[in-house]
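J.: Just dropping this structure here.
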Amino acid sequence: MRTRHGATIPRIGAPPQVGSPVLPVATGHVPALPCYNGSVRLPMRHPPPAEAAAPAFCAYLDALAEGLRGLSLHAAARHTAPRRSRGRFGTAVQWHLGLDAHDSGPAADWEGTIEIKLVTVHRTARGHVRCDKLKVCDAHLDPYARLSNVLFVFADRWTRVVVGHTWFRRAGAGHAVLAAAYDADPHFDRPDLFVEARGRPGRSAPAYYVSARFVAEHVGLPDVPAITVDDAELRAHLRTGRVDPLWTPIAPDEDEAVCPRCGGGVRRLGPAEALRAKGVAPAVHRMPLEGVCARYPHGVCDRSRLPEPVPGVFGVREQIESLSCTGPVLRVADRVVEPDDHEHPVFLSA
């Protein structure tokens, strides 16, 4: 039997081995094959549009995104979402831009024409900047509409410091790649747009995703010193489940810094060379250990890697407070002046 995508499912005469999954195959049914991460990929539901997307832009939104550069999303995420929620940093971005979190509606985030996506980036041990696959929308929504015009905001995976932003329009080679995904086999052709269901059996939430390859090749990833290394050794020391560590900025040649939350001592673990190479390092909080400092792991980040604060939006003190979650929560939308001209594209009728 052949599926809609042309893949052949052979007949298997030998009985399955103990513990192997059994996939029932009936005429006209395409089984969902499991991926390596425990999720399953499903056929796409929405056909691609024939034409590229019309351009959309907003100078005010661009100024807001620029105002985010150098600010950590940790403080806003604590203010706007539960600490363990999966989308808390995306919610923090929308809050900073003056929006309410609304990811399940059919309209785009900004004025119904521009989608806003947060991309967390990290550096490999060899120094290459990478990201993960990115959720576009739930499976009942049209992914091509959501990807028509997108503002991508990039933040470091560890510190959540915003390192830049860029604009994307579904046109040219990017449009062709996304459109070709509809006729591709979701398992064997490795399409750049796909439907994936994650979660426990019976409680999965199908959603559209774009691959990390697509983001790197057709959107582009920034390469700045503020992007730190993420590896297994750091994850073993710095993260417990979805709980992020408490961060303390430190000079790369210092062994200990003052905790910005309680005034105690935070001592770096490991050599200074590791902090210089990776940008972050695990740390231990000296006694006494009380309050919030006693409930979470600790880490230090290289202060010299932090981007310069955006003039007129926030200063160094507020930058440190956004990273260490101390002091009042700064909202970028309250600091950026709205321009008179939003520079929206104008289309003249024939």
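Residue numbers for the sequence shown follow this note's numbering, beginning at 1347 and rising by one.
Glycine included, every Cβ here is placed at the ideal spot set by N, Cα and C.
Less than 7 Å between C-beta atoms, sequence neighbours within five positions excluded: which residues of the same chain meet that for V1612?
T.: Your numbering for residue 1612 matches position 266 in the sequence shown. Excluding sequence neighbours, V1612 sits near T1594, E1602, A1603, C1605, A1629, H1631, H1644 and V1646.
J.: Would a C-beta distance cut-off of 8 Å place R1492 and A1454 closer than the cut-off?
T.: Locating residue 1492 in the sequence shown gives position 146, where the first residue counts as 1. Locating residue 1454 in the sequence shown gives position 108, where the first residue counts as 1. Yes. Within cutoff.
J.: Which value, in whole angstroms, describes the spacing of the CA atoms of E1397 and A1526?
T.: Here residue 1397 corresponds to residue number 51 of the sequence shown, with the count starting at 1. Here residue 1526 corresponds to residue number 180 of the sequence shown, with the count starting at 1. Rounded to whole angstroms, E1397 to A1526 spans 13 Å at the Cα level.
J.: Just to check my reading of the structure: G1436 and L1652 have Cβ atoms closer than 8 Å, yes? What is that Cβ distance to the nearest angstrom?
T.: Translated into positions along the sequence shown, residue 1436 becomes position 90. Translated into positions along the sequence shown, residue 1652 becomes position 306. Cβ atoms of G1436 and L1652 stay farther apart than 8 Å, at about 22 Å.
J.: Can the beta-carbon of A1501 be found less than 8 Å from the beta-carbon of T1466?
T.: Taking the sequence shown and counting its residues from 1, one reaches residue 1501 at position 155. Taking the sequence shown and counting its residues from 1, one reaches residue 1466 at position 120. It is a contact, given that the beta carbons lie within the stated cut-off.
J.: P1691: buried (16+ other C-beta within 10 angstroms of its C-beta) or exposed?
T.: Position 345 of the sequence shown, counting from 1, holds the residue named residue 1691. Exposed: under 16 other Cβ atoms inside 10 Å.
J.: Hey, K1479 and V1575: beta-carbon distance below 8 Å or not?
T.: For the purposes of this step, residue 1479 is taken as residue 133 along the sequence shown, with counting starting at 1. For the purposes of this step, residue 1575 is taken as residue 229 along the sequence shown, with counting starting at 1. At the C-beta level, K1479 and V1575 stay beyond 8 Å of one another.
J.: I need the straight-line Cα distance from R1614 to I1666, nearest angstrom please.
T.: Indexing the sequence shown from 1 puts residue 1614 at position 268. Indexing the sequence shown from 1 puts residue 1666 at position 320. So the two alpha carbons sit approximately 18 Å from each other.
J.: Helix, strand or coil: how does DSSP classify V1682 here?
T.: Translated into positions along the sequence shown, residue 1682 becomes position 336. The answer is coil: DSSP assigns V1682 none of H, G, I, E or B.
J.: Using a threshold of 8 Å, state whether the C-beta atoms of I1462 and V1509 are closer than that.
T.: Looking up residue 1462 in the sequence shown gives position 116. Looking up residue 1509 in the sequence shown gives position 163. No.
J.: If D1599 sits next to A1623, beta carbons under 8 Å apart, how far is it from one beta carbon to the other, in whole angstroms?
T.: As a first step, residue 1599 must be located in the sequence shown, where it is residue number 253. As a first step, residue 1623 must be located in the sequence shown, where it is residue number 277. So it is not a contact: roughly 14 Å between Cβ atoms.
J.: Could you say which of R1429, W1513, W1504 and V1565 lies nearest to V1523 if we only look at CA atoms?
T.: The residue labelled residue 1523 in the question sits at position 177 within the sequence shown. The residue among R1429, W1513, W1504 and V1565 with its C-alpha nearest the C-alpha of V1523 is V1565.
J.: Please confirm if V1508 has its CB atom under 8 Å from at least one CB of chain B.
T.: The chain labelled as chain B is not found in the depicted structure, where only one protein chain is given.
J.: DSSP beta-bridge partners for F1534?
T.: One-based indexing of the sequence shown puts residue 1534 at position 188. Partner(s): none; F1534 has no beta bridge.
J.: Under three-state DSSP, which class holds E1619?
T.: Indexing the sequence shown from 1 puts residue 1619 at position 273. DSSP places E1619 in helix when its eight states are reduced to three.
J.: Of the choices R1506, P1428, R1432 and S1385, whose alpha-carbon is the least far from that of S1338?
T.: Only positions 1347 to 1696 of the chain appear in this structure, which leaves residue 1338 out of reach.
J.: Runs of 4 residues minimum, wholly inside the segment 1634 to 1675: which ones carry the alpha helix (DSSP H) assignment?
T.: 1662 to 1670
J.: If we count the other Cβ atoms within 10 Å of its Cβ and call it buried at 16 or more, is G1520 buried or exposed?
T.: By one-based count along the sequence shown, residue 1520 stands at place 174. Flag for G1520 reads buried.
J.: Using C-beta distances below 6 Å, list every residue in its chain close to P1568, excluding the 5 sequence neighbours before and after it, in chain order.
T.: Within the sequence shown, numbered from 1, the residue matching residue 1568 stands at position 222. If we look at P1568 and ignore the five residues flanking it on each side, its Cβ neighbours are F1500, V1509 and G1510.
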